[in-house]
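Below is one structure, written out as structure tokens, with a few remarks after it.
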Ligand SMILES: [Zn+2]
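Residue numbers (my numbering): 142 to 211.
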């Protein structure tokens, strides 16, 4: 379960250890957050796949880092 404390890593339950889960959480927070589009400057960019980002506003599809657009 996703709680305030463990966030999206709640799906792992008590497995894998706290440190690893915290590391995953830091990455997933960035991944799921709305990012700024380099073309229209709006906060509408979401990740389609690893390294592929899509702007819901101007429909631009561009490459970036695996977990963050930049
Ligand atoms: Zn855009």
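We put the CB at the ideal spot given by N, CA and C, even for glycine.
Here the alpha carbons of residue 176 and residue 202 stand approximately 13 Å from one another. In the three-state reduction of the DSSP assignment, residue 170 falls in the helix class, which pools H, G and I. If you ignore the 5 residues before and after residue 144, its C-beta comes within less than 6 Å of the C-beta of 151, all in its own chain and listed in chain order.
In this structure, the CA atom of residue 146 is about 10 Å from the CA atom of residue 163. Cβ-Cβ separation between residue 208 and residue 168: approximately 5 Å, consistent with a contact (criterion under 8 Å).
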